[in-house]
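Have a look at the structure below before the remarks.
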Amino acid sequence: MSTQPLSGSELEDIKLMAQKHFWPHAKPAGDISEETGLKTITKGEGIWLYDENDQPWYDTTSCLWLVNLGHGRTDIADAAYAQMKEVSFTPMGSFSPPTAKLSAKIASYSPDKDSRVFFVSGGAEANETAIKMARKYHINNGESSRYKVISRRNSYHGATYATMSMGGGTRPPYEFEPLMPGSVKIANYDSYRYGFSTISEEQASEEYAKDLERAILGHNPSTVSAFIAEPISTATGIHVPNKAYFQMIREICDKYGVLMISDEVITGFGRTGSWFAIEQWDVTPDIITFAKACTSGYLPIGGAIATKKISDAFIGDESKTFTHLMTFGGNPASTAAGVKTLEIMEDEHVVENSKQMGDYLMSKLEELYKYDIVGHVRGGKGLLNAVEIVKNKDSKEPYPNLAKKLGPLYNKYKMIGLPSPIGIQLAPPITVNKNEIDDLVERTENVIKDL
Ligand SMILES: Cc1ncc(COP(=O)(O)O)c(C=O)c1O
119 MSTQPLSGSE LEDIKLMAQK HFWPHAKPAG DISEETGLKT ITKGEGIWLY
169 DENDQPWYDT TSCLWLVNLG HGRTDIADAA YAQMKEVSFT PMGSFSPPTA
219 KLSAKIASYS PDKDSRVFFV SGGAEANETA IKMARKYHIN NGESSRYKVI
269 SRRNSYHGAT YATMSMGGGT RPPYEFEPLM PGSVKIANYD SYRYGFSTIS
319 EEQASEEYAK DLERAILGHN PSTVSAFIAE PISTATGIHV PNKAYFQMIR
369 EICDKYGVLM ISDEVITGFG RTGSWFAIEQ WDVTPDIITF AKACTSGYLP
419 IGGAIATKKI SDAFIGDESK TFTHLMTFGG NPASTAAGVK TLEIMEDEHV
469 VENSKQMGDY LMSKLEELYK YDIVGHVRGG KGLLNAVEIV KNKDSKEPYP
519 NLAKKLGPLY NKYKMIGLPS PIGIQLAPPI TVNKNEIDDL VERTENVIKD
569 L
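In this text, residue positions in the sequence shown follow this note's numbering: the first is 119, and each later residue adds one.
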């Protein structure tokens, strides 16, 4: 079944409806002008998104880091459709075959193969679930005083109240104060400017990890429930921590009985060249959260993967049960799309492709250091990269008003993505090939030349 692109008065009507009634996320409503406004996207195929004039745009960030298998995959759509025709929803106290199958598949890719998966509908719900799970874990173990959640400044864990309290959320979050009680912040990892007046990444990474210990001690360890971090934070500009960092974090969490949560909403399912990013630090978190790419973005999904140690604490008398419910969590259509997505990833060796193409992209991006304004090229783990643009390479002074300048240049070079205040972020579908990487680097270089 194919659909015709909209045209003529039908297209005009759609645009008027959007202008008048559609409330976009995190953008001003009502602006559908070509220069600054919302685009009308009518179709997608592979790395390409097509606008109302059938013009192809390069999807430089897999939309919001989720369409990992590219656009227009009828096999994922068919799997969801087939499941919807069998049964589209199952009642409480039951489960459907794809839901069971997806939980087993996800466990098999997790660091702890005996994990259990609690399904929800998105990333924020996944993180809310994880922090409630951590709290209840401690209650079940007789430590009900543990409720505080430590997170890293300017991370992003979602836009709901609790997740916003743990990260930048909707910036600036203080507009929405008071935040969740017990939200404690520590420094985030910066592989370019470092912190704590350190002069090498090695020193800095140790200080970043020690900042967690300082926070736990400063807040009374017996009140601290969990620490949450993205293995590679996209919100703070894709700084890749060194080998020691997460290993130290794991040791500190163990020392004080604090649960470690790895937010893999972006990094999960192959984005960084492994099924989950945290495995590249040889660390097993207590809980991993995921969403987006589990269905390659074709249907909403999310979840919290708990190790056996954590999930076993919920088994026993009724008081131990995790009384937490999200209506759409684990629904058959989404999980069928998830199973298909993971089967495709296995059959087409997509995780390996992410690693190989990621290495290739990184090597091409490093050639951009020849430009005076290219301060730092980050990535090297799969297809999650950033090119930081600066005013002055020696002083690392930020480039002024960058996001505003990048917007029109993205339009000029037909790139759909997320122009950011630090520079250019690249995360194409992980099925991308070498020619398509060359094309992406050429567009990126054109933007840099124009700047
Ligand atoms: C690391 C991370 N965690 C959580 C979320 C929230 O996910 P959602 O928008 O599905 O609620 C996001 C969204 O981009 C994210 O990047």
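By construction, the Cβ of each residue, glycine as well, lies at the ideal position given by its N, Cα and C atoms.
Worksheet item: So which of 462, 406 and 357 has the shortest CA-CA distance to residue 252?
Response: As a working mapping, residue 252 is identified with position 134 in the sequence shown. Nearest C-alpha to residue 252: 406.
Worksheet item: residue 527 and residue 538: beta carbons closer than 9 Å?
Response: Stepping through the sequence shown from its first residue, residue 527 is reached at position 409. Stepping through the sequence shown from its first residue, residue 538 is reached at position 420. Not in contact: residue 527 and residue 538 (Cβ atoms no closer than 9 Å).
Practice prompt. In the DSSP assignment, find the alpha helix (DSSP H) that holds residue 321 and state where it starts and stops.
Written response: For the purposes of this step, residue 321 is taken as residue 203 along the sequence shown, with counting starting at 1. Under the DSSP assignment, residue 321 falls in the alpha helix (DSSP H) whose first and last residues are 319-336.
Worksheet item: Who pairs with residue 347 in a beta bridge, going by DSSP?
Response: Position 229 of the sequence shown, counting from 1, holds the residue named residue 347. Looking at the DSSP assignment, residue 347 forms a beta bridge with 380.
Discussion item. Just to confirm my understanding: we take residue 359, look at its own chain, exclude 5 residues before and 5 after, and list those with CB closer than 8 Å. What are they?
Written reply: Residue 359 sits at position 241 when you count from the first residue of the sequence shown. Taking residue 359 as the centre and dropping the five residues before and after it, the same chain places the C-beta of 307, 309, 323, 326, 349, 350 and 399 closer than 8 Å to its C-beta, in chain order.
Worksheet item: Can residue 346 and residue 277 be called in contact, C-beta distance under 9 Å?
Response: Numbered from its first residue, the sequence shown carries residue 346 at position 228. Numbered from its first residue, the sequence shown carries residue 277 at position 159. No, they are not a contact pair.
Worksheet item: Looking at the structure shown, is residue 506 part of a helix, part of a strand, or coil, going by DSSP?
Response: Translated into the one-based positions of the sequence shown, residue 506 becomes position 388. Here residue 506 sits in strand by DSSP.
Worksheet item: Cβ of residue 382 within 9 Å of Cβ of residue 364?
Response: Locating residue 382 in the sequence shown gives position 264, where the first residue counts as 1. Locating residue 364 in the sequence shown gives position 246, where the first residue counts as 1. Their beta carbons are not under 9 Å apart, which means residue 382 does not touch residue 364 by this criterion.
Discussion item. Which of the three DSSP states is assigned to residue 253 in this structure?
Written reply: By 1-based counting over the sequence shown, the position of residue 253 is 135. Taken through DSSP and simplified to helix, strand or coil, residue 253 comes out as helix.
Worksheet item: So what does DSSP say about residue 544, is it helix, strand or coil?
Response: Counted from its first residue, the sequence shown places residue 544 at position 426. The three-state secondary structure of residue 544, taken from DSSP, is strand.
Practice prompt. Would you check whether ligand 1 has a heavy atom nearer than 8 Å to the C-beta of residue 486?
Written response: Against the sequence shown, residue 486 aligns to sequence position 368. Ligand 1 has no heavy atom closer than 8 Å to the beta-carbon of residue 486.
Practice prompt. Starting from the C-beta of residue 482, find all residues in its chain whose C-beta is less than 7 Å away, skip the five residues before and the five after it, and write them out in chain order.
Written response: Walking along the sequence shown from the start, residue 482 turns up at place 364. Excluding sequence neighbours, residue 482 sits near 555 and 559.
Discussion item. For a test of your reading of the model: does the CB of residue 455 fall under 8 Å from any non-hydrogen atom of ligand 1? Yes or no.
Written reply: In the sequence shown, the residue the question calls residue 455 occupies position 337. Not under cutoff, so the answer is no.
Fill in: Buried/exposed call for residue 152, threshold 16 Cβ in 10 Å
Numbered from 1 along the sequence shown, position 34 holds the residue referred to as residue 152. Result: exposed.
Worksheet item: Using DSSP with H/G/I as helix, E/B as strand and the rest coil, what is residue 145?
Response: Looking up residue 145 in the sequence shown gives position 27. Coil at residue 145, not helix or strand.
Worksheet item: Hey, how far is the Cα of residue 476 from the Cα of residue 487?
Response: Taking the sequence shown and counting its residues from 1, one reaches residue 476 at position 358. Taking the sequence shown and counting its residues from 1, one reaches residue 487 at position 369. A straight line joining the alpha-carbon of residue 476 with that of residue 487 spans about 18 Å.
Worksheet item: Mapping DSSP to helix, strand and coil, what is residue 120?
Response: Start at 1 with the first residue of the sequence shown, and residue 120 comes out as number 2. Residue placement at residue 120 is flagged as unreliable, the pLDDT there being 47, under the threshold of 50; the coordinate-derived value follows with that caveat. Three-state DSSP puts residue 120 in coil, outside helix and strand.
Practice prompt. Can you give me the Cβ contacts of residue 568 inside the same chain, cut-off strictly under 6 Å, excluding the 5 residues immediately before and after it?
Written response: Taking the first residue of the sequence shown as 1, we reach residue 568 at position 450. Taking C-beta separations shorter than 6 Å and ignoring five residues to either side along the sequence, the partners of residue 568 in its chain run 527, following chain order.
Worksheet item: Beta carbon of residue 337, beta carbon of residue 379: below 9 Å?
Response: As a first step, residue 337 is located in the sequence shown; it is residue number 219 there, counting from the start. As a first step, residue 379 is located in the sequence shown; it is residue number 261 there, counting from the start. Going by C-beta atoms, residue 337 is not nearer than 9 Å to residue 379.
Discussion item. For a test of the three-state rule: what should DSSP assign to residue 288, helix, strand or coil?
Written reply: The residue labelled residue 288 in the question sits at position 170 within the sequence shown. Legend: pLDDT at residue 288 = 47, less than 50; position of this residue unreliable, value from coordinates given subsequently. In the three-state DSSP reduction, residue 288 falls in the coil class, being neither helix nor strand.
Worksheet entry | Pairwise C-alpha distance: residue 263 and residue 288 | As a first step, residue 288 is located in the sequence shown; it is residue number 170 there, counting from the start. As a first step, residue 263 is located in the sequence shown; it is residue number 145 there, counting from the start. Any reading at residue 288 needs caution, since the residue's pLDDT is 47, under 50, leaving its predicted position unreliable; the model's value is listed next. Going from the Cα of residue 288 to the Cα of residue 263 covers about 29 Å.
Worksheet item: Rounded to a whole number of angstroms, what is the C-alpha to C-alpha distance between residue 159 and residue 453?
Response: Within the sequence shown, numbered from 1, the residue matching residue 159 stands at position 41. Within the sequence shown, numbered from 1, the residue matching residue 453 stands at position 335. Rounded to the nearest whole angstrom, the C-alpha separation of residue 159 and residue 453 is 26 Å.
Worksheet item: Three-state secondary structure (DSSP) at residue 496?
Response: Walking along the sequence shown from the start, residue 496 turns up at place 378. Residue state, collapsed to three classes: strand.
Worksheet item: Does the distance from the C-beta atom of residue 421 to that of residue 302 stay below 9 Å?
Response: As a working note, residue 421 is residue 303 in the sequence shown. As a working note, residue 302 is residue 184 in the sequence shown. No, the Cβ-Cβ distance between residue 421 and residue 302 is not below 9 Å.
Worksheet entry | Reduced DSSP category for residue 393 - H, G, I as helix; E, B as strand; rest coil | The residue labelled residue 393 in the question sits at position 275 within the sequence shown. Residue 393 falls in the coil class under three-state DSSP.
Worksheet item: Is there a Cβ from chain D that is less than 9 Å from the Cβ of residue 186?
Response: Annotation note: the requested chain D is absent from the structure, which comprises a single protein chain.
Worksheet item: Who does residue 132 pair with in a DSSP beta bridge?
Response: Numbered from 1 along the sequence shown, position 14 holds the residue referred to as residue 132. BP columns for residue 132 are empty, so no partner.
Worksheet item: Does ligand 1 have a heavy atom nearer than 8 Å to the CB of residue 383?
Response: Within the sequence shown, the letter at position 265 stands for residue 383. The nearest non-hydrogen atom of ligand 1 is less than 8 Å from the C-beta of residue 383.
Discussion item. Quick check: does the Cβ of residue 409 come within less than 8 Å of any heavy atom belonging to ligand 1?
Written reply: Residue numbering aside, residue 409 sits at position 291 when the sequence shown is read from its first letter. Correct: residue 409 has its Cβ closer than 8 Å to ligand 1.
Worksheet item: Can you list, in chain order, the residues of its chain whose CB lies under 6 Å from that of residue 241, leaving out five sequence neighbours each side?
Response: In the sequence shown, counting from the first residue as 1, residue 241 sits at position 123. Hits under 6 Å: 276, 383, 409 and 420.
Worksheet entry | Cβ neighbour criterion (16 or more within 10 Å) applied to residue 563 | Position 445 of the sequence shown, counted from the start, is the residue given in the question as residue 563. When all chains shown are included, residue 563 counts as buried.
Practice prompt. Counting only runs of 3+ residues fully inside the region 424-505, write out the beta strand (DSSP E) ranges in chain order.
Written response: Entirely contained in the region 424-505, the beta strand (DSSP E) runs reaching 3 residues are, in chain order, 492-496.
Worksheet entry | Per-residue burial, residue 244 [other beta carbons within 10 Å of its own, 16 or more giving buried] | Reading the sequence shown from its first residue, position 126 is the one you call residue 244. Residue 244 is buried by the Cβ-count criterion.
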